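Asker: Below you will find the structure I want to go over with you.
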Amino acid sequence: MRKVKTFLRSLLLLGFIIFFTEATMACVGARPLAMGGAFIGVADDINAVYWNPAGLVQLKEPEFTWTRTLNNRDTINYDDFLAVGSYNEESGMAYAVGYINITDYYLNYIDYYDYEILTYVDNKIQWLIFSLAQKITQQLSIGGNIRYMYFSLGFDDVEGFNLMTDSAEFFSFDLSVFYQADDRLAFGLLIQDINRPEFILYGEKWYYIRNVRPGFSYRITDSLLVSASIYDMLEEVPMDNRFRIGLEQKFDQLSIRAGLERGNKTFGLGAGGGNCALDYVYLGDDLGDTHMLGFTYKF
């Protein structure tokens, strides 16, 4: 019995390691992901809550957004993203709050020697984000996030064994800068998890890397935008490709988007009129032919 429980615990931790290292960590927001995740230097809508909170000063009116992963919810790590925020022109400050349901996954029927063990492995990771941004000059703004993070990892319905679960909760902090060089060129910098938060699950210590993510955007015409960014510029995690590039072409009330997310092709469409917009994104290659749908409403 002890060996089986040890095996199951090891399996859970292995799954957690895979979660932390898989390329399926594609981040959030239908519009940013359609642009390959190259949104650090764009950050001109409510998706900036995650990508670059300093960019929230670009909000012209209060915004709400919701993005949902439609398939592969057991493998893509960011399933649901909600955010709402606004900018106060008089004070030069922007405020926002966001929620991310990063993943729910399960495994069934684990073979262990002569046993076939029916088990349900449940992994819940949730973020609650509080964002603040301040315009310093007409061109420069700074921002930051306080993130409450909750992890739960366990299994259930194992024949002859008791439920095993463990959880952790902690806070993390982000800092960011946004600089609008001129009407067409902008730069952004996000330092994610600047405090390098640590937590313990099943007696094992884990931590988030301090993820330095620079980016820029350039508006070639009034309707064509290109952007690029680097993921983990300090190379704290080994990976073959750290670059993200994207573009967005607008046609009146329709937008076409495409990008490369660390070598993985992305594509999306946006349609909107008045205060509402719908965004669709397809994530290809290592991102598993995943489809997401987003809705944005401006108050």
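Using the numbering used here, you'd call the opening residue of the sequence shown number 3 and step up by one each time. The C-beta atom is built at its ideal place from N, Cα and C for all residues, glycine as well. This structure is a prediction, so every number in the text was calculated from the model and none was measured.
1) Thinking C-alpha only, which one of Tyr-233, Gly-87, Asn-103 and Ser-93 is nearest Val-30?
2) Between the alpha carbons of Ala-273 and Phe-41, how many angstroms are there, rounded?
3) Using 8 Å as the limit for Cβ to Cβ distance, is Asp-184 near chain D?
4) Would you decide whether Ile-222 is buried or exposed? Buried here means 16 or more other CB atoms lie within 10 Å of its CB.
5) In chain order, which beta strand (DSSP E) runs of at least 3 residues are fully inside the region 125 to 207?
6) On a Cα-Cα basis, can you pick out the residue from Ala-183, Pro-55 and Asn-125 that is closest to Asp-81?
7) Would you mind giving the Cβ-Cβ distance between Arg-246 and Gly-39, rounded to the nearest angstrom? I have them listed as a contact below 8 Å.
8) Name, in chain order, the residues that DSSP records as bridge partners for Ala-85.
9) Of the choices Ala-36, Leu-155, Gln-182 and Asp-195, whose alpha-carbon is the least far from that of Ser-174?
10) Distance, Cα to Cα, Val-228 vs Ser-219?
11) Cα-Cα, which of Gly-87, Cys-278 and Val-283 is closest to Tyr-299?
12) Ala-230: which of Asp-242, Leu-236 and Glu-250 sits nearest, CA to CA?
13) Tell me which residues share the same chain as Tyr-181 and place their Cβ nearer than 7 Å to its Cβ, disregarding the 5 neighbours each side in the sequence.
14) What did DSSP end up calling Gly-209 once you bin it into helix, strand or coil?
15) Compare the C-alpha of Leu-155 against each of Asp-176, Arg-186, Arg-149 and Ile-202 and name the closest.
16) Measuring CB to CB, does Glu-92 end up less than 8 Å from Phe-301?
17) Report the rounded CA-to-CA distance for Phe-172 versus Met-95, giving the unit in angstroms.
18) Is it buried or exposed, Ile-48, if we count other Cβ atoms within 10 angstroms and call 16 or more buried?
19) Just the C-alpha distance for Phe-297 and Asp-254, rounded to the nearest angstrom, thanks.
20) Taking just the CA atoms, how far does Leu-271 sit from Leu-295?
21) Buried or exposed, going by whether 16 or more other CB atoms sit within 10 Å of the CB of Ser-257?
22) Following the continuous beta strand (DSSP E) through Tyr-284, name the residue where it begins and the one where it ends.
23) Go through its chain and collect everything with a Cβ distance to Thr-292's Cβ below 7 Å, but skip five positions before and after it.
24) Give every residue of the same chain whose Cβ lies closer than 6 Å to the Cβ of Ala-135, excluding the five residues on either side of it in the sequence, and list them in chain order.
25) Exposed or buried, what is Ser-133 when buried is set at 16 or more other beta-carbons lying within 10 Å of its beta-carbon?
26) Can you give me the Cβ contacts of Ala-170 inside the same chain, cut-off strictly under 7 Å, excluding the 5 residues immediately before and after it?
27) Please report the Cβ distance between Leu-130 and Tyr-101, rounded to the nearest whole angstrom; I am assuming they are in contact, meaning their Cβ atoms lie under 8 Å.
Answerer: On the basis of the supplied data:
1) Asn-103
2) 19 Å
3) No chain D is present in this structure, which holds just one protein chain.
4) exposed
5) 142 to 158, 166 to 182, 187 to 194 and 200 to 203
6) Asn-125
7) 4 Å
8) Thr-67 and Gly-100
9) Asp-195
10) 6 Å
11) Cys-278
12) Glu-250
13) Gln-141, Leu-142, Ala-188 and Phe-189
14) Per the sequence presented here, residue 209 reads as Tyr, with Gly not at that position. Looking at Tyr-209 - three-state DSSP - the assignment turns out to be strand.
15) Ile-202
16) no
17) 26 Å
18) buried
19) 18 Å
20) 10 Å
21) buried
22) 278 to 285
23) Thr-71, Asn-73, Asn-74, Ile-78 and Leu-285
24) Pro-55, Ala-56, Leu-58, Val-59, Ala-96, Ser-143 and Gly-145
25) buried
26) Phe-153, Phe-201, Ile-202 and Leu-203
27) 6 Å
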